[in-house]
Amino acid sequence: MTATLSSTLGLRHGRELPPICSDVRQKQRISIDTLPPEVKAPFPSDPVIPLRTKTTKEFQEDVERAVQSGDWREVREFYLTTFDSFIEINAAFKREANGSFNTIDDSGVNAKFVNAVYDALLSTPQDIQKSVLKGIINSLLREWKGPRTKDDLRAYLILVQNPQYSSTSTYVIYAHLLRQIAALSEADHHFLVHWLKKLSARRFRQLVERLLQFISTRLFPAEPDELPPLAKCSWWIPSATKVLGLFNAANSVSSSPIMPFTDFYNITLEHIDFMEEYRTWQNYGNSNRFSFCQFPFILSTVVKKAIIQKDSEQQMISQARQSLVSKVSRRQRVDMNLLFLNIKVRRAQLLSDSLDELMRKRCDLKKKLRVTFVGEAGLDMGGLTKEWFLLLVRQIFHTDYGMFTYMKDSRCHWFSSWKCDNYSEFQLVGTLMGLAVYNSIALDIHFPLYCYRKLLTPPTAPCDQNSVIGMATATLDDLQQIMPELAHGLGELLSYEGNVEEDFYLTFQVFQEEMGMVKSFNLKPGGDKIPVTKQNRKEYVQLYVDFLLNKSIYKQFAAFYHGFHSVCASDALMLLRPEEVEMLVCGSPELDMSALQKAAQYEGYSKTDSTVRCFWDVVLAFPPELQKKLLHFATGSDRVPVGGMADLNFKISKIEVPTDW
């Protein structure tokens, strides 16, 4: 069967990203986009489907009778006939046998009947289950010429839901089904994506978990002999990953996500050579050479962070090697400080000293960070670095400093729109965020998610300094994250039924306070003379939102963007979602104090000492808010770095205090 079934996998899904630089190979993440009507392939006419009249209720009654009597002949005949061909699958499960159902909005499949048939299947005798698999083999082995009909797509939609594929004994059949689905045209995938999003949340999750398990088992089989040799079925994992991409796309285009994006992570991939995957992606991009990096939704934040760090480390090692060779060639003494980004600051001039040091040593930003406070003894074993970050963040984000405005309603910070001649301090904040990611420090900062979307626009810094950056498409929902009261007011303007022009008396001119002065800005040329009406109010809202979130803070954010990317200058940023960037910078809000207890280190104590045991008894009994306060006190942040509590380096030390004082 392996030799008979064949299909091509070298398909290009999605659009090319612009090149990072003229001499750098284009790379992209693969996505399934909604296609405009003009590019959708025409479908041939569907064949005439035989009429089958069995209903869900009748089938369930047949199964009940079979269970009670032990006579499975009628049920056996149903399964044998139904799964014998794609035409019979449609005959059984299509709501109207010869209805067209030509839209993405309705697959025409009787989902209730499909669920009933599959829910009963695993409880039937083994010979029935084998006959279903035999029928599926026959269906997949048939010759297909030309583009698929929509009935074929319906058959694939139904077959992929078969619960038998949870068993490794069916993996060969499952793999061939996935191969055929993966090899469908982009127009076919477009239909499947929109049909998949209509599945129940429970069924959708089951299918995603089954695909993830299939990939994990193929990578690391429990019994080496239970699956064909990897060399003979190297197409299994690419096919499964591409089909998983359809589910991820369906999850993305759904009005609200069917399941969290983190549930598409395959944790097994943390144990493969992901740097080899990354290099393959860098070298071959979106060619026929498969790499998991083409499908970043499957890679966990732990993997993505490790790729960014290792990629930056390799850049740092290359720079250090060049410096070392240069010094040796000139017979100069080699200083081991060459390997570190050494920051020396005075507490009294913390901000200015930090800015000077980072600007002066901007070529060393990818080296391991080491902080020294002038006039204070001590080596930086991680504590001084955390303190430096903590003190800087407190000072920079203080309302008196004026760089950022704290939005009380949304409890987040946003960029102040005041204009100045030097935006280097915004660049410092971006650099701090990049250093925090690179050095595994969770920062106690509160930017809205839209800020991280801007940081990925584009995901890699352009070579041309004049290129536009950070101008992410802004919507009313994005404004809601930052200025909910204003967003609510603009929403009311859009839905107002009365006379907009007379009742609101607005023009395409807005006002903003800067350093105590109110200034006016036209949203479009001559905006102060253009009234807002019912006809142009959508344009007004769009321009106003774009002004607030992009244009009014462009220079501030551009400096911030360049600061971040000066440290995290890696193609791996193309793999990240905005939510994942936020997690890398700020850590995860999910606390597991038991995991912290297991990872804790002791100096002068052992974990069995009564003092230590009492400490953990108290901490584990704390409510979550108190646990967060303890974590903030000990680490400077109440969030957990990507990688978990083990990355916190939490140490309990015994300090000998004399008793006679």
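In terms of full-length UniProt numbering, the sequence shown is residues 1 to 661. All residues carry an ideal CB built from backbone N, CA and C; glycine is no exception.
Do residue j and residue i come within 8 angstroms of each other at the CB atom, strictly closer than that value?
i: Met259; j: Arg205; result: yes
i: Ala182; j: Ser239; result: yes
i: Ile396; j: Val429; result: yes
i: Ala249; j: Val193; result: yes
i: Leu207; j: Phe247; result: yes
i: Gln164; j: Gln129; result: yes
i: His565; j: Gln427; result: no
i: Gln315; j: Lys361; result: no
i: Ser424; j: Leu392; result: no
i: Leu140; j: His176; result: yes
i: Val567; j: Tyr438; result: yes
i: Thr475; j: Val545; result: yes
i: Gln509; j: Asn522; result: yes
i: Glu580; j: Lys408; result: no
i: Leu449; j: Gln481; result: yes
i: Asn266; j: Ile298; result: yes
i: Arg321; j: Phe340; result: no
i: Asp444; j: Gly644; result: no
Is residue i helix, strand or coil by DSSP?
i: Pro224; result: helix
i: Glu74; result: helix
i: Thr55; result: coil
i: Leu199; result: coil
i: Cys451; result: helix
i: Leu341; result: strand
i: Val510; result: strand
i: Ser588; result: strand
i: Leu184; result: coil
i: Phe373; result: strand
i: Lys94; result: strand
i: Lys150; result: helix
i: Asp327; result: With the sequence shown as reference, residue 327 is identified as Lys, and Asp is not the correct amino acid for it. Helix, per DSSP.
i: Lys367; result: coil
i: Val614; result: The sequence given here has Cys at residue 614, not Val. Three-state DSSP puts Cys614 in a helix.
i: Pro624; result: helix
i: Trp388; result: helix
i: Glu357; result: helix
i: Tyr165; result: helix
i: Gln60; result: helix
i: Ser100; result: coil
i: Ile173; result: helix
i: Ser234; result: coil
i: Lys419; result: coil
i: Thr635; result: helix
i: Tyr505; result: coil
i: Ser318; result: helix
From the DSSP output, which residues share a beta bridge with residue i?
i: Tyr79; result: Looking at the DSSP assignment, Tyr79 forms no beta bridge with any residue, so it has no partner.
i: residue 719; result: The question about residue 719 has no answer, for the chain in this structure spans 1 to 661.
i: Phe414; result: It is Trp, not Phe, that sits at residue 414 in the sequence shown. According to DSSP, Trp414 bridges with Thr405.
i: Glu580; result: Answer is none; Glu580 lacks a bridge partner.
i: Val640; result: Ser588
i: Glu603; result: Ser653
What does the Cβ neighbour count give for residue i, buried or exposed, with the cut at 16 atoms within 10 Å?
i: Cys293; result: buried
i: Pro458; result: buried
i: Pro385; result: The residue you asked about is not Pro; residue 385 is Thr in the sequence shown. Buried.
i: Lys607; result: exposed
i: His271; result: exposed
i: Met583; result: buried
i: residue 662; result: In this structure the chain extends from 1 to 661, so residue 662 is not present and cannot be described.
i: Lys197; result: buried
i: Ala231; result: exposed
i: Leu575; result: buried
i: Tyr496; result: exposed
i: Glu656; result: exposed
i: Leu51; result: exposed
i: Thr82; result: buried
i: Ala222; result: exposed
i: Asp478; result: buried
i: Pro37; result: Reliability fails at Pro37, whose pLDDT of 47 lies under 50, so the model's placement of it is uncertain and the value that follows must be treated cautiously. The residue in question, Pro37, is exposed, as its Cβ has fewer than 16 Cβ neighbours within 10 Å.
Counting contacts by CB-CB distance shorter than 8 angstroms, is residue i in contact with chain D?
i: His271; result: You won't find chain D in this structure, because it holds only one protein chain.
Looking at the ligand ZN, does it come within less than 7 angstroms of residue i, judged from the CB to the closest heavy atom?
i: Gln294; result: The ligand ZN is not among the ligands present in this structure, which contains no ligands whatsoever.
Query raised in the report: What are the complete alpha helix (DSSP H) segments, minimum 4 residues, inside the segment 245 to 302?
Result: 274 to 284
Report task. Would you list, in sequence order, the uninterrupted beta strand (DSSP E) runs of no fewer than 3 residues that lie entirely inside the segment 515 to 572? Result -> 517 to 522
Requested in this report: At 4 residues or longer, and completely inside the segment 107 to 141: list those alpha helix (DSSP H) runs for me, N to C.
Outcome: 111 to 121 and 126 to 141
Requested in this report: Within the segment 426 to 482, note down every full beta strand (DSSP E) run reaching 3 residues or more, in order along the chain.
Outcome: none
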